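Student: Using the numbering used here, you'd call the opening residue of the sequence shown number 17 and step up by one each time.
Positions of the beta carbon are idealized from the N, C-alpha and C atoms, including for glycine.
Since this is a predicted model, take the numbers as computed values, not measurements.
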Amino acid sequence: MTRRDITLVEYQTTLLPADTLTFGEGLALWRAFDQQGKRVHLSFPSPKTENQWAITPQGWVGHIPLAADMTLHIQPRLPLNNLFPMWAYAYGLSAEVVGETLVGVQSIAEFYEQVVLMLLARVQRRQRQGLYRAYQTHTAVTPFVRGRLMAYPQPTAVAEGLTCCFDEHTANVPENQLIVYTLQQVARGRHCSAPVQTAVRRAVHHLQMGCRRVPLPRMNGWVGTIHG
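1. Under 8 Å between the Cβ atoms of Tyr-148 and Ala-187?
2. Under 8 Å between the Cβ atoms of Leu-136 and Val-220?
3. Please name the residue in Arg-144, Thr-198, Pro-101 whose C-alpha comes closest to that of Arg-228.
4. Compute the Euclidean distance between the alpha carbons of Arg-138 and Asp-183, then round it to the nearest angstrom.
5. From Phe-49, Ala-84, Gly-42, pick the residue whose C-alpha is nearest to that of Arg-19; which is it?
6. Helix, strand or coil for Val-212, going by three-state DSSP, please let me know.
7. Given a cut-off of 8 Å, decide if Leu-37 and Thr-65 are closer than it, judged by their beta-carbon atoms.
8. Does the beta-carbon of Gly-244 have 16 or more other beta-carbons within 10 angstroms, so that it is buried, or is it exposed?
9. Could you say which of Ile-22, Ala-150, Glu-26 lies nearest to Arg-55 if we only look at CA atoms?
10. Taking the beta strand (DSSP E) that Tyr-151 falls in, what are its first and last residues?
11. Looking at the structure shown, is Trp-46 part of a helix, part of a strand, or coil, going by DSSP?
12. Please check the pair Ile-71 and Leu-24, which I expect to be a contact at CB under 8 Å, by giving their CB distance rounded to whole angstroms.
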């Protein structure tokens with residue numbers, strides 16, 4: 017399968033031959049990123065566009081995986097190294113965090129990989145120091161009394177064991193679940209080099225030993241509470 021990678025520039029209109037996208041791909045892009053996401057403005061082939069696709073990114077940069085063999089790469093209109101001071105200011109990052117390696121990147125792909133490497137380094141350091149843990153309350157059937165024994169009568173369907181309510185000191189908390197989810201998305205996207213992809217998968221494997229990923233709707237609700 018031959019990959020189709022298309023590079024676009026923020027706020028600049030790119031014209032593509034009509035056979036670059038199928039009608040279905042164009043329709044999917046229009047629905048998800050024009051009508052709903054407002055990330056690009058898409059015009060279908062017509063006499064107005066000289067029978068070409070016209071795509072104009074709208075103030076958003078990054079990757080849009082349009083099909084299994086096709087990705088749109090949207091570059092910023094400003095040189096990337098001009099964006100890092102603004103990025104550092106917006107997120108309160110020090111010069112040490114941004115670093116010379118990140119400032120020297122020349123493309124969104126390089127920038128993305130360097131950010132992933134920054135995240136990996138911090139995840140690996142946290143794994144060495146020990147993951148964040150918190151107490152969570154559980155109710156379960158146990159072969160012995162653990163924590164507080166639930167009020168009688170105990171469920172008759174349980175042949176052996178007692179229903180208890182207890183606190184567990186666990187790493188399976190939203191803070192770690194969000195990291196697992198993020199790294200899984202990185203691994204699934206395959207936008208990094210092979211060595212980085214391998215390191216990401218290894219980190220996910222180790223994290224999942226003590227922390228499982230929660231369903232996305234639950235995670236969205238949790239993120240909304242901490243940022244809202």
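Tutor: Quick look at the numbers:
1. The count along the sequence shown starts at 1 and reaches residue 148 at position 132. The count along the sequence shown starts at 1 and reaches residue 187 at position 171. Yes; because the gap between Cβ atoms is below 8 Å, this pair is in contact.
2. Within the sequence shown, residue 136 is the residue found at index 120, counting from 1. Within the sequence shown, residue 220 is the residue found at index 204, counting from 1. Not in contact: Leu-136 and Val-220 (Cβ atoms no closer than 8 Å).
3. Taking the sequence shown and counting its residues from 1, one reaches residue 228 at position 212. Nearest C-alpha to Arg-228: Thr-198.
4. Sequence index remark: in the sequence shown, residue 138 carries index 122 (1-based). Sequence index remark: in the sequence shown, residue 183 carries index 167 (1-based). Taking the straight line joining both Cα atoms gives about 29 Å.
5. If you number the sequence shown from 1, residue 19 lands on position 3. Among Phe-49, Ala-84, Gly-42, the Cα nearest to that of Arg-19 is on Ala-84.
6. Here residue 212 is taken as the residue at index 196 of the sequence shown, counted from 1. It is helical.
7. Sequence index remark: in the sequence shown, residue 65 carries index 49 (1-based). Sequence index remark: in the sequence shown, residue 37 carries index 21 (1-based). In this structure, Leu-37 does not lie closer than 8 Å to Thr-65 by Cβ.
8. The residue given as residue 244 occupies position 228 in the sequence shown. Unreliable positioning characterises Gly-244 in this predicted model, as indicated by a pLDDT of 34, which lies under 50. The coordinate reading is nonetheless provided below. Counting Cβ neighbours within 10 Å, Gly-244 comes out exposed, since fewer than 16 surround it.
9. Residue mapping note: residue 55 aligns to position 39 of the sequence shown, counting from 1. The shortest Cα separation from Arg-55 among Ile-22, Ala-150, Glu-26 belongs to Glu-26.
10. What you label residue 151 is simply residue 135 of the sequence shown in a count that begins at 1. Taken as a continuous stretch (DSSP letters only), the beta strand (DSSP E) holding Tyr-151 covers 150-158.
11. In the sequence shown, the residue the question calls residue 46 occupies position 30. Looking at Trp-46 - three-state DSSP - the assignment turns out to be helix.
12. Here residue 71 corresponds to residue number 55 of the sequence shown, with the count starting at 1. Here residue 24 corresponds to residue number 8 of the sequence shown, with the count starting at 1. Right, their Cβ atoms sit about 6 Å apart.
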